[in-house]
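Visitor: Numbering (the numbering used here), first residue to last: 1 to 335. Beta carbons: idealized from backbone N, C-alpha and C, even for Gly. Note that the coordinates shown come from a computational prediction; the quantities given were computed from them, not determined experimentally.
1. Three-state secondary structure (DSSP) at residue 62?
2. Do you know how far the Cα of residue 279 is from the Cα of residue 254?
3. What is the C-beta distance between residue 105 and residue 225, in whole angstroms, given that I count them as a contact (C-beta under 8 Å)?
4. Mind pulling the alpha helix (DSSP H) runs of 4 or more residues that sit fully within the segment 17-92?
5. Tell me the rounded alpha-carbon separation between residue 27 and residue 2.
6. Could you compute how far the alpha carbon of residue 44 sits from the alpha carbon of residue 314?
7. For residue 95, which beta-bridge partners are listed by DSSP?
8. Please say whether residue 159 and residue 89 have beta carbons closer to each other than 9 Å?
9. Can you tell which of 35, 182, 143 has its C-alpha closest to the C-alpha of residue 163?
10. Which residues in the same chain as residue 168 place their Cβ atom closer than 6 Å to its Cβ, once the five residues preceding and following it in sequence are excluded?
11. Here's the rule I'm using: 16 or more other beta-carbon atoms within 10 Å means buried, otherwise exposed. How should residue 5 be labelled?
12. Comparing C-alpha positions only, which one of 53, 100, 182, 110 sits nearest to residue 81?
13. Using only CA atoms, which one of 181, 49, 166 lies nearest to residue 148?
14. Looking at residue 140: is its Cβ nearer than 9 Å to the Cβ of residue 56?
15. State the Cα-Cα distance for the pair residue 42 and residue 124, rounded to the nearest angstrom.
16. To the nearest angstrom, how far is it from the Cα of residue 260 to the Cα of residue 284?
17. Output needed for residue 184: all residues of its chain with C-beta closer than 8 Å, excluding positions within five of it in sequence on either side, in chain order.
18. Pairing CB atoms from the segment 64-84 with CB atoms from the segment 150-158, are three or more of them under 8 Å?
19. Inspect the beta-carbon positions of residue 119 and residue 50 and report whether they are closer than 9 Å.
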């Protein structure tokens, strides 16, 4: 019988801990088993957190353990804001895993500053974003896993509390629980709001209504059944994962709950990556048994090409202002 206690009341990650290691089982049909620590690596730059000091987490009655995973590489600019948005949550059964790809800036120093409130962190070279995210999945011991990028942040302190209450109250067994997301600019100003109820899988697939990871919690029970991210995809592995998760059930939308703020930009914002993403999304369609032309998908990447053309024609500074105006007009017309 585990005995739980409060290590530090100031953080969401230290209010309920135990000395006894959780029992990590592999049920029939599971594609992987959770682990508490990554295997030794001679290129590892650092490792630490609550687990390395023998403090562990478990789900409790009416208080599911929520695991937050942040993957980072040279992300010193926004990482501290991201971390604080997690450890300052009102909810008191939170597990926080941080995977660093061997950063060379001040990222590791920031991580060490907060390692007293992190369950586990590691810094070592890896083979890319989804490889690192799969590490986070393996290290998850919670019932639900939430991926928060190192330049994004949870919208307010009661988000995880609200999600947990919805899961308990509505007895949610859907593969994904999600809410709204604000896309923001460098000044933290809202540019666009994402998030709507999805009631039809076919429409979801055809319209490419992918739920941003920053606004979605994934059931670990479902995730263990379908497996981790497919690392053969460089950019579209999240799209593939959601298609696999949603083949048999729809996601559960929490009305009027803003989950997170996501900064605009990212891996698909240059021409080469846009081409890769277009091809990969087509491959994801085929892999998951879908055929035909996805008009919404093609139109989305046409906008990417136009954006890059404007940047190259007018230069970075003027081009970005023109793109910003164009995006505001497009989003306004869609509302």
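Guide: According to the structure shown:
1. coil
2. 32 Å
3. No, residue 105 and residue 225 are not in contact; Cβ-Cβ is about 38 Å, not under 8 Å.
4. 79-87
5. 22 Å
6. 43 Å
7. 67
8. yes
9. 143
10. 62
11. exposed
12. 110
13. 181
14. no
15. 9 Å
16. 26 Å
17. 190, 191, 261, 262, 263, 264
18. yes
19. yes
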